Each structure stands twice: as C-alpha cells, then as structure tokens.
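From first to last, the protein sequence lines stand for chains D and F.
The first sequence begins at 0 in numbering that gives the first Met the number 0 and counts up by one.
The second sequence begins at 0 in numbering that gives the first Met the number 0 and counts up by one.
For glycine and all other residues, C-beta sits at the position ideal for the given N, C-alpha and C.
Keep in mind that this is a model prediction, so the values were computed, not measured.
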Amino acid sequence: MSVTTSTVLAAGGQLLLLLGMLAAVHAPLGAYLARVYSSPRHTRFERGWYRAVRVDPDAEQHWRTYLLSVLGFSLASVLLLFALGRLQQHLPWTLGFTGLDPAGAWNTAVSFTTNTNWQWYSGESAAGHLLQMAGLAVQNFVSAAVGMSVAIALVRGFARSGTDARLGNFWTDLTRSVVRVLLPISVVAALVLIANGVIQNLDPHTAVATLEGGTQHVLGGPVASQEAIKELGTNGGGFFNANSAHPFENPNPWTNLLEIFLILLIPTALPRAFGIMVGDRRQGWAILGAMVGLLLVAVALTTWAELAGPGTAPQLAGAAAEGKETRFGLAGSALFGAATTGTSTGAVNAMHDSFTAPGGGVVLFDMLLGEIAPGGVGAGLYGMLVLAIVAVFVAGLMVGRTPEYLGKKIGIQEMTLVALYVLTTPAIVLIGTAVAVSVEPGLAGVQEDGPHGLSEVLYAFASAGNNNGSAFGGLTSGTPFYNTMLGLAMLAGRFVPIALVLALAGRLASQRTVPASAGTLPTHQPLFVGLVGTVALVVVGLTFVPVLSLGPVAESLS
Amino acid sequence: MTSTTVPPLTGPTPPSPDSGDAPRPPRDARPVRAGRALTWAQVRAALPGALRGMDPRSLWRTPVLLVVELGAAATTVLAVAEPSVFAWLVTAWLWATVWFAALAESIAEARGRAQASSLRATQQQTTARKVLAPQDTLDTGTGLAALPTAEVPSADLCVGDVVVVAAGETIPGDGDVIEGVASVDESAITGESAPVIRESGGDRCAVTGGTVVLSDQVVVRITTPPGHTFVDRMIALVEGSERRRTPNEVALNLLLTSLTAVFVLAVATLQPFAAYSGSRQDVLVLVALLVCLIPTTIGALLSAIGIAGMDRLVQRNVLAMSGRAVEAAGDVDVLLLDKTGTITYGNRRAAAVLPVDGVADAELASAARLASLADETPEGRSIVELVDARLQDTAALPAGAELVPFTAQSRMSGVDLPGGPDGLAIHRIRKGAASAVRRWSHSTGARLTEAQAARLADHVDVVSRTGGTPLVVAEQVGDGPARVLGVVQLKDVVKQGIRARFDELRAMGIRTVMVTGDNAVTARAIGDEAGVDEVLAEATPEDKLALIRREQEGGRLVAMAGDGTNDAPALAQSDVGVAMASGTSAAKEAGNMVDLDSDPTKLIEIVEIGKQLLITRGALTTFSVANDVAKYFAILPAMFSGLFPGLAVLNVMGLSSPQSAIVSAVVFNALIILVLVPLALRGVRYRPASASALLRRNLLVYGVGGLVAPFVGIKLIDLVVSLIPGL
C-alpha cells in the first residue's frame with residue numbers, strides 16, 4: 000500500500016485541528032481548574048450536599064486522613080458496584096440480564112472504581128441499563144474525580160511551605176471535581192454527541208426482522224450521556240462491546256475527533272492549573288511539554304505504522320485495514336489509539352490487536368510509560384511529577400546542589416517514596432504477565448502462539464496495572480483466572496501509587512520552600528523538558544525491553 | 000567583633016609575622032601531600048583492603064554490589080557443575096566486578112591512609128612538662144610557668160591539665176595558650192613553613208598538638224583529651240574509618256537500589272517469557288544480563304567519591320567534622336564574609352594626597368613622607384611607598400629628628416625636625432585624625448582661610464564617604480601658627496581578583512554578604528568596590544546571628560567563617576561554619592569545619608568542593624544508566640536471535656558470536672569501574688557556571704558519552720574476546 004500525499008495531509012490536518020482545539024481552551028480551562036480547587040466559596044448546592052453527607056468542607060485533612068478518605072470512598076464504591084453486578088436480576092431496568100458471576104462482578108467493580116474500565120463482558124449482552132447508569136456511569140464521574148483530587152493534593156504539597164502536612168479536603172475536592180468540572184462539560188459534550196447521532200434513550204435492545212428475513216438486534220440505551228464522561232474522565236468503558244468503534248457511540252469522523260478532544264482535554268489542562276497553583280506557569284508549560292512531546296512521538300509512530308502497514312498480511316491486503324472502521328480511516332484510528340493509551344482512557348475505535356506489529360508495540364509502550372503522555376485525569380499529572388522528581392534528582396546533582404524541585408529538597412524520605420512509586424507498576428505488569436504465561440489457566444486464554452500471544456498477555460497486564468482498560472483483543476479474559484488477576488493488578492496499580500503520592504505530598508507540604516537562585520536547576524527550560532521525557536523513556540525502556548523484544552519487537556522484525 | 004574593628008588610625012601595632020588575620024601568600028607546593036595522581040604504590044597498598052571489602056557483610060549496605068556477588072556465587076556453582084570456557088570467563092569477570100568495586104573504595108581509603116601516616120608522624124609520643132598545682136590554681140592562678148613541673152607522657156594528659164612548652168619543644172596536645180607569647184611552627188599540620196604567633200587571650204590562643212614552639216615559652220591548658228585531637232580526627236577522617244554516609248548519598252543509594260530491584264524483576268521474569276517463547280535461557284546468561292544492567296558502575300564508585308571529596312578538603316587543609324557539611328557546602332545560598340582579611344588586605348594603605356588650596360601636591364607629599372619615615376606601622380610604610388613611587392624624593396630623615404609616637408590622647412603622630420627650612424626653628428609635622436590635627440593647629444593660633452577650610456572639609460568628607468580614612472597633615476615652623484597642608488587618603492585595599500570571584504559566585508547563585516564593624520558609609524563604599532551583594536555594617540555578633548537566622552527563615556543555607564569566641568553562636572547557627580585554626584576553641588567547637596590555614600577566603604573553595612562532589616555523583620550515575628542501552632544491544636540479540644532470527648539486526652555492533660557478545664558486555668561492565676576510578680577520586684571538572692550551563696555540559700559529556708562509549712568499548716573487547724579458543 001502506498002502512503003499517498005493526501006492521506007498524510009489528512010492525518011496531519013486532523014492532528015492540527017485537534018491541537019488547535021486543545022490550545023484554544025487550554026488557558027481558560029487551566030485557570031478555571033486552579034480556581035475550582037483554590038476558591039474558599041461553596042455554591043448553594045454544594046453546601047446543601049455537605050450538610051446532607053455531614054462533611055465540613057473547610058476542614059483541612061492531614062495526608063493520612065486524605066488517603067483514608069480516598070481508600071474508604073473507593074472501598075464503598077467497589078462494594079456498591081459488586082452488589083449491583085451480582086444482584087442485577089433483582090433490580091429494575093436490567094433488560095432481563097442475570098447477575099454477574101463473582102469473579103466477573105469483582106473485576107468490573109474494581110475496574111470502574113480504579114478508573115481502568117477494563118471490560119471482560121460485552122455491555123450489550125451482560126449489563127442492564129441500571130448497572131450502566133447507577134453503577135458504571137456514576138463511577139465514571141467519581142473515579143475520575145478521585146484522580147483529579149489526588150493530583151491536586153500533590154500540587155498543594157508543592158505549593159505549600161512548612162505546614163503540618165495538610166493537603167485540603169478530599170470530600171470537597173471530590174465534590175467540586177464532579178459538580179464544577181466533569182458534570183458541566185459532560186452535559187455539553189453529550190448534547191453535541193446526540194446532535195451528531197449518538198443515541199440517548201432507555202429502550203431495551205429490540206430484535207427486528209430484516210428485509211432478508213434474518214433478525215437483528217437494535218440496541219438502545221442512555222449512550223450519549225455515558226459516552227461523554229467515558230472520554231472526558233479518561234475512563235474508556237464502552238456502553239457496547241465495540242466501544243467507540245460502534246456507530247451508536249461514535250458515528251462519524253467529527254464525533255471521533257470530539258471524543259479524542261474530550262480524552263485529552265483535562266489531562267492537558269491540569270498542568271496549567273498546576274503552574275498557576277505553584278505560582279510559576281512556566282513549570283506547568285514544562286510538564287505539559289514533556290507530556291505532549293511523548294504523545295506526539297506516539298501519534299507519529301502509530302500513524303506511520305498504520306499508514307505504511309509493514310508486515311506480510313497488510314502488504315498483501317494493500318493496507319493495514321483489518322479491525323479498523325472505514326468511517327474514521329487508518330489515521331483516525333491511529334490518532335485515537337495513541338490518545339487513548341497515552342491517557343489512561345482505554346476506549347478504542349479500532350482493535351489494537353489488529354494494529355500492525357510496530358503500531359501495537361507503540362500503544363503498548365504508551366501504557367507502559369505509566370500513563371503520562373498526558374495520562375489519565377489527575378493520574379497523568381502526578382505520574383509525570385514523580386518522573387520529574389527522578390529527573391531532578393539526577394540532573395540536580397549534575398549542577399552541584401542536592402536536588403530540589405519547585406523549592407522542595409528531594410531527600411531520603413522523598414526518594415524512598417518516589418523509588419517505590421517507580422517500582423510499583425513495572426512489578427505488577429511483569430509479575431502478572433510472567434505468572435499468566437507460566438500457568439495453564441493463563442495460557443488457556445491466549446489466542447495466538449508466539450510473540451503476538453505474549454503481546455496479548457503483556458498488553459492485558461499493562462492495561463490493568465496502569466489503569467488504562469483498553470484491551471488488545473485476542474485474549475479471552477473473561478475467565479476467573481484473568482478476572483481475579485487483572486482485578487488485583489488494577490487495584491494495586493491504582494491505590495499503591497496514590498498512597499505513595501499522598502505521602503509524598505504530605506512530606507512536601509511540611510517542607511519549607513527554598514527560594515530559587517541562579518544555582519538552582521531550572522525546571523522550566525526545554526533542556527529539562529527533554530530530560531524528563533528521556534528519563535521516562537529510559538526508565539520504562541530499560542525495564543521492559545527484554546519482554547518487548549520477545550513480543551512486538553520480535554514480531555515486527557520477523 | 001575583633002577582626003573587623005577599625006584599628007587605631009596611626010597607632011603602632013606590633014609588627015605582625017604571619018598572624019591569622021594577615022594575608023598569606025598563595026601556596027601551591029605541599030611537600031608532604033603533593034602529587035595526588037593515582038600511583039601504583041597506592042593501588043598496591045589497596046589490594047588487601049579490596050579483598051576484605053568483598054566480604055558480603057560489608058557489601059550488604061550496597062545492594063547493587065551484593066547482587067553482583069550473589070550472581071558471581073551462583074555462576075561459580077554453575078561453572079563447576081557444567082564447566083566450559085564461557086562459563087568460567089563469565090564467572091571470573093563477575094568476581095572481578097565485585098573486586099574492582101571493593102578496590103575502588105580501598106584505593107580511596109589507602110590514599111587517605113597515606114596522608115594519615117604523614118600526619119601520624121607528628122604524633123610521636125612526646126613528654127610534656129605538666130604543671131603540678133591544685134586545680135583552682137591552674138584555673139585562676141598566674142605565673143604558672145614558675146611552678147614546679149613533672150615530666151609525663153603526652154598520652155596521659157587530661158583536659159584541664161596545664162603544661163609548659165619552651166622553645167624547641169613539641170606542644171603535647173590541643174589547647175589554649177594561657178600565658179605568654181611564642182612563635183610556633185605549624186608546618187606539620189598545615190604545610191606552611193612560616194611560623195605563626197600564638198599568645199594568651201584574644202583570638203590567637205589556640206595551639207595544636209604536634210606543632211613545635213620556635214621561640215619563647217608558653218603555658219598551655221589542654222582542651223582535648225588525647226586520641227581526640229585535631230590530628231586524630233584528621234587521621235580518622237582521611238582514612239574513612241569515621242565515615243558515615245551523607246543524606247544525599249543515602250538517597251542516591253535508594254534510587255540505585257530501586258533500579259536494581261526493577262532489573263532483578265525484569266531479568267527474573269524474562270525466564271518465563273523465554274520459556275513461553277520456546278527458548279529457556281541459561282541461568283548463567285541471565286545473571287550476566289542482570290549484572291550488566293544494574294548500576295554497578297556508580298554503585299562501585301559511590302563511596303570512593305565520598306571519601307575522595309573529604310580528601311580534597313583535607314588537601315586544602317580544611318577539616319570537615321562531617322560529610323553532611325561538605326554536601327551542604329554545595330547548597331550554600333549565602334556567604335557571610337568578614338571584610339578584613341577576606342575582602343580587603345586589612346591594613347589601610349595610602350592611596351592619594353589631596354592638598355588644600357595654596358599648597359602644592361609635592362609639598363604635602365614630602366611632608367607626609369617625612370612624618371612617616373620613622374613610622375613602622377603598615378599605614379606609615381604605605382605613605383612612604385606611595386610618595387616614593389611618585390616623587391623620587393628619597394631624602395632620609397635628618398639627624399636629630401625625633402619621632403612623636405601616636406598616643407590615645409593626641410591621636411596624632413609625626414616628627415620634629417631640627418633646623419627647619421630657615422635652619423633655626425624646629426619644624427614639626429603632624430598627621431592624624433581630622434579633629435585631632437585641627438585641634439592641634441588651632442592651639443598654635445592657626446587660622447584657615449574660608450576656602451581652605453571648605454576644601455579641607457570637602458576632602459575629609461569625600462574620603463570618608465568612599466570608604467577611606469582621611470589623615471590630615473599639618474606643619475608648624477618654630478612657634479608660629481601651624482599650617483594645614485591637606486589630606487592623605489588611606490584606603491582599605493580590596494584584594495585583587497576578589498571581585499571576579501564574587502561575580503563567579505553570583506553566577507552560581509550564591510549571594511555574598513560583607514560583614515564589617517565599619518560604619519554604613521564606609522562599608523557600602525568598600526562593598527561596592529568589591530562587588531558584594533549586601534553589606535552588614537557596624538555588625539555586632541548579635542547582628543550576625545540575626546542575619547543568619549533571617550536567611551535561614553527564608554529557606555536559604557548560610558556559610559560563614561569566623562575565629563573569635565563571639566563568633567561561636569553564629570558559627571553554630573550557620574549551615575556551613577568554617578572556624579579558623581588560629582581561632583579560639585569555642586569557635587572551633589561551634590563550626591563544622593576547621594581551616595588549618597586560617598584563610599577565610601577558602602569558604603569559596605569549600606563551596607566548590609561540595610559542588611564538585613555532588614556533580615561527580617550525578618555524572619557517574621547518568622553515565623552508568625546510559626551504558627545500559629548498549630549492553631541491551633549486545634546481550635538481547637545474543638540471547639534470542641537463535642529463536643527470532645529477525646532480532647539479529649539489533650546486533651548493531653556486529654559482535655562475533657552470542658557468547659563473545661555476553662562476555663564482552665560483562666568485561667566492559669567490570670573494566671569501566673577501573674577506568675573511572677581516577678575520575679571518581681579526582682572529581683569531575685568543575686568550573687563555576689550557571690546551573691543551565693553546567694547541566695548542558697554534564698549531560699552532553701556523561702549522558703551522551705555514556706550512551707556512546709560502551710558501543711565502542713564492547714566492540715573493541717569483542718575483537719579480543721573472539722580470539723579466545725573454545726568460545
């Protein structure tokens with residue numbers, strides 16, 4: 000297949016349009032986010048809500064209390080979702096579906112609470128409207144809000160000086176994230192999606208007779224409302240199994256672009272809010288620069304891989320079109336793939352299993368980076384800030400000072416937390432994958448032999464451990480083994496880093512801020528941006544190169 | 000405080016030999032500790048220590064190296080079970096890796112020991128003449144030198160004992176002079192051959208054990224128990240036996256440990272992946288891969304870097320009480336420097352002559368010169384030098400000239416010449432403070448014209464405002480009215496090159512504050528001339544302490560140097576407090592470093608050494624991690640290109656065979672430690688520059704260099720290794 004000038008131009012044009020849209024709203028949204036988390040005032044609705052749930056919204060929480068609030072809230076969410084899934088058949092609006100099996104209910108409960116949205120089931124054949132709306136959609140909002148709250152707590156840690164490790168109030172941050180940020184944008188986005196043809200009703204799935212005499216299921220459901228938050232909250236759990244490849248979720252190239260825009264909207268605006276809150280916007284630019292730099296590299300590589308279509312099958316077929324929607328085109332799928340794995344969204348508009356070997360390798364690597372390009376809502380910001388600390392630690396030494404970032408010394412305790420953070424996800428992914436390819440129940444789910452099969456398993460654990468949720472496809476994951484293992488991976492991959500980040504935030508907030516001087520490592524210059532990106536690539540690269548060389552690399556080079 | 004008070008204007012001060020306050024000539028040759036290049040003798044001396052360093056019990060604190068040793072042990076078992084050239088080569092080189100790491104530390108320590116032995120030479124058992132008297136007599140009595148004494152071994156002296164040391168005798172321990180004054184040869188400690196004056200009272204009373212009294216006799220109260228003297232502490236420090244790891248070293252070790260853990264995971268899980276892919280790997284090969292990936296280079300050199308950093312300080316005659324202080328020195332934001340002795344030469348020198356109306360330059364100059372010819376104070380000498388350089392007026396004092404010395408009452412000095420210009424009357428010339436000379440000339444009935452008075456006041460004012468001291472010169476012939484001739488400007492002369500140093504410091508982000516007892520106007524003027532950022536004028540010890548606290552409140556780290564007892568609180572409060580060895584014991588106890596040369600300017604060097612230490616750590620860490628890329632390119636194709644032939648394209652170095660590729664990577668990994676030992680000991684090149692410039696340079700050299708170097712190194716080693724038969 001030849002890559003024609005027009006396809007390249009179309010791919011570039013779509014990317015430019017996307018970047019233009021993001022740039023247009025970046026500054027106002029970033030400033031708005033900073034205000035949301037700094038304002039001392041509560042709206043009337045919020046005051047009523049705080050009274051109802053008996054929370055003092057102005058009580059500052061110590062980092063441990065903040066963490067316990069996060070964990071308690073998330074535990075309650077898991078239990079509620081588990082109950083909704085198990086008891087589905089006894090509840091209204093279930094379209095006659097039975098309850099989920101225990102391993103499946105556990106997996107789904109953990110998956111949506113951790114903002115992963117890994118789906119072992121098909122939405123249209125297992126989840127009723129009530130579970131979708133009251134369970135999954137609600138978690139789409141609050142799990143995103145949890146991520147944003149934790150990120151803001153870390154930002155406050157940098158911004159505050161010499162306090163007693165208090166980081167704000169989790170319940171206030173959670174409420175404001177939902178009420179002031181996620182809900183308003185979702186409503187607007189849902190309306191735009193409806194106007195473009197995404198369905199929004201409470202109809203059951205109806206079987207109709209086709210002209211040819213067969214039967215076809217016409218699906219119904221409150222899709223648009225869930226679609227908007229699915230992308231905006233970098234959740235990714237589709238109403239239907241086909242996810243954003245389904246025409247009722249994502250009808251045309253424009254909604255496709257809108258969905259990518261929604262995915263990247265908050266993750267790219269948060270660095271701005273970070274810059275404003277620490278009192279130096281240039282720091283926000285630097286973090287954003289590292290995020291977008293990595294994202295653009297991923298977009299360029301996937302787009303090249305999918306358009307050029309290396310490999311025997313695509314060459315014979317004339318294009319790497321298998322598993323992709325002609326509505327969006329190859330470049331539309333490549334862009335979506337890079338965006339959804341660069342953030343922790345995991346929605347797909349094409350089957351990543353069908354991506355070319357290098358293209359699939361890139362989206363896999365994107366997740367292994369730890370979801371920082373630009374990462375999930377909140378999680379991307381705190382992940383990148385932790386990597387910035389690693390970069391500062393080594394680079395800071397090279398300018399002849401003990402390392403400091405934003406005026407905070409990176410000492411023994413800070414480094415312990417950062418080192419553990421950096422260790423957590425690789426451990427989950429590598430151990431999980433190693434166990435899965437070593438035991439019978441794990442091998443049973445693998446569709447293909449050889450490097451591609453390894454990629455499938457690695458992809459699943461990378462997706463779960465990094466809370467992405469996208470599936471490579473090919474792997475039969477709806478088994479008790481995978482539901483349990485991936486559930487554990489999601490749980491550990493979400494809350495161990497959160498605990499470490501909040502402990503770090505507490506340490507930073509109690510430290511006195513050191514004023515910058517000409518001898519301080521400047522952390523807003525292009526050199527540092529490049530350094531952070533390199534640290535991300537090298538740390539992840541060195542960790543995963545052996546397994547990648549047996550998976551996508553071996554496949555690409557064969 | 001003592002060192003900054005303005006000395007009496009023209010008062011005779013005792014001719015000072017090389018006292019602590021006076022500038023020292025720059026010194027470069029140190030016979031004892033010169034030649035810091037790594038020598039074979041040092042390497043040989045380090046060999047036994049290196050074997051001891053391989054003990055797992057001493058390695059457990061460095062997990063990186065412990066992993067290497069465990070790996071080497073594992074491959075040994077495998078090589079014994081299934082011997083092959085390949086297995087034994089890998090095993091031998093893994094053991095070599097551990098040994099090289101232990102050797103690096105041992106060499107650093109051996110260098111220290113070489114220094115220590117030269118120090119220990121000063122510690123020969125000496126006998127002391129201990130004053131036999133009840134304790135309260137020793138504490139408060141006078142004339143102790145006359146009391147009976149007994150000879151005791153110096154090792155038996157206790158704190159509070161009093162000893163008498165006469166010319167030619169060695170001072171038996173650290174202490175304070177409580178009676179007498181003597182010149183002392185401290186070359187054993189400082190390498191400085193010029194003797195120094197030590198006298199009771201004041202800030203030059205401290206003496207160090209092992210130094211020799213050259214003249215006179217002093218009574219010394221011992222302040223440090225034997226075994227804990229400066230020399231003992233220096234020996235312990237340079238030998239590294241008292242070394243505790245510094246906070247940054249611990250933090251870096253944490254990062255290295257976590258990297259090690261990541262690689263252990265990556266390699267341990269590689270076996271299941273390889274098994275899945277259908278090609279189980281030799282444990283031997285996996286161990287080799289692991290050892291190549293974990294940051295062995297920096298892990299091996301980390302403690303050598305720390306020891307060498309201390310060593311560099313000791314070479315500059317600075318004794319740091321803890322490694323923490325050396326690290327803090329790199330972080331210093333504010334430098335408190337005393338004006339006198341640090342920024343200026345400390346003695347005022349004549350800079351210009353400013354006559355009043357109606358007096359010629361030459362007339363004023365030659366009068367000032369005559370008045371100063373017999374004046375041996377630095378100020379007096381400087382006037383003569385100034386005039387001689389300008390006038391070629393080399394007339395000697397006429398016979399019968401009488402020196403009028405400075406007194407606190409008259410506040411003037413001068414000369415009475417017989418015979419005056421007309422050959423009859425006495426010709427009196429006086430120089431002194433403006434008010435004193437004016438009073439004297441008034442008393443002779445002199446009247447200045449209005450223009451002259453205005454001009455004089457103008458000169459005095461200008462000189463004071465620019466940081467100088469105006470010295471008014473007047474003459475009287477016979478009993479007639481005196482005539483005011485003009486003003487000699489005495490200036491505190493700023494040391495050459497100090498401004499450039501401050502500019503460098505500013506580029507490094509360090510603010511300099513000049514501390515002086517001078518008034519604000521004078522202080523500002525000198526401060527501007529020297530280019531300091533801030534001036535603390537009319538400073539009391541309390542002001543100094545308050546300034547340090549204020550800076551620390553703002554999160555800044557403060558360094559200062561001091562010598563007096565009243566400096567002790569400020570030294571204790573500052574983050575890096577450098578006490579002068581000539582200073583009081585109180586000051587030395589309060590500071591966290593002692594400068595044996597008593598040169599306050601050395602603060603700047605200390606900061607640079609601290610920075611160099613941190614940069615060396617960062618640079619070698621970067622280098623070590625960057626090396627991994629090439630090692631992957633060597634080992635992964637070697638492991639898997641049999642299984643997936645496509646992976647052979649990753650063998651970009653074109654290594655001859657899978658086995659030789661693995662051996663080459665392991666050999667490179669071991670040899671690079673040895674190659675970098677000299678760099679670790681010397682420290683990477685450091686030139687003061689802004690943080691961005693430093694980062695750019697070091698990233699380029701050690702980051703990019705670390706990426707490229709192993710490709711070349713492994714390829715070259717492979718060319719040799721591939722010749723080994725049986726591989």
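Grouping DSSP H, G and I as helix and E and B as strand, with all else coil, what is residue i?
i      : result
F:M411 : strand
F:L255 : helix
F:E474 : strand
D:I193 : helix
F:P55  : helix
D:Q215 : strand
D:Y120 : coil
Hey, how far is the Cα of residue i from the Cα of residue j?
i      : j      : result
D:Q412 : F:A250 : 8 Å
F:A154 : F:R549 : 45 Å
D:W170 : D:A433 : 39 Å
D:K408 : F:R244 : 18 Å
F:D502 : D:T401 : 22 Å
F:S663 : F:A45  : 27 Å
D:A378 : D:V149 : 8 Å
D:A104 : F:Y631 : 42 Å
D:T3   : D:A349 : 22 Å
On the CB-based measure, 16 or more other CB atoms within 10 Å of its CB, does residue i come out buried or exposed?
i      : result
F:V218 : buried
D:G167 : buried
D:Q138 : buried
F:I661 : buried
F:R56  : exposed
D:A316 : exposed
D:H351 : buried
F:F85  : buried
F:I382 : buried
F:L722 : exposed
F:E185 : buried
F:P152 : exposed
F:C157 : exposed
D:N200 : exposed
F:H426 : buried
So which of the options has the shortest CA-CA distance to residue i?
i      : options                        : result
D:A387 : D:T301, D:M290, D:G322, D:F480 : D:M290
F:D457 : F:M320, F:E168, F:A433, F:I614 : F:A433
D:W303 : D:S332, D:V528, D:Q88          : D:S332
D:P636 : D:N465, D:P496, D:A463, D:G444 : Absent from the structure is residue 636 of chain D, since the part of chain D shown begins at 0 and ends at 557.
D:S557 : F:T468, F:G485, F:A690, F:V648 : F:V648
F:K610 : D:L306, D:L261, D:V398         : D:V398
F:P225 : F:R429, F:G322, F:T126, F:R438 : F:T126
D:P221 : D:G235, D:G213, D:L210, D:H204 : D:H204
Per DSSP, residue i is paired with what?
i      : result
F:L489 : F:A349, F:T468
F:Q219 : For the record, residue 219 of chain F in the displayed sequence is Val; it is not Gln. In DSSP, F:V219 forms a bridge with F:V162, F:V176.
F:R523 : In the DSSP output, where bridge partners are listed per residue, F:R523 has none listed.
F:L535 : F:V514
For a test of your reading of the model: does the CB of residue i fall under 8 Å from any non-hydrogen atom of the ligand MG? Yes or no.
i      : result
D:Y420 : As for the ligand MG, it is missing from this structure, which has no ligand bound.
Members of the region 627-645 of chain F near chain A, C-beta cut-off 7 Å:
Of the chains in the structure shown, none is chain A; the protein chains are D and F.
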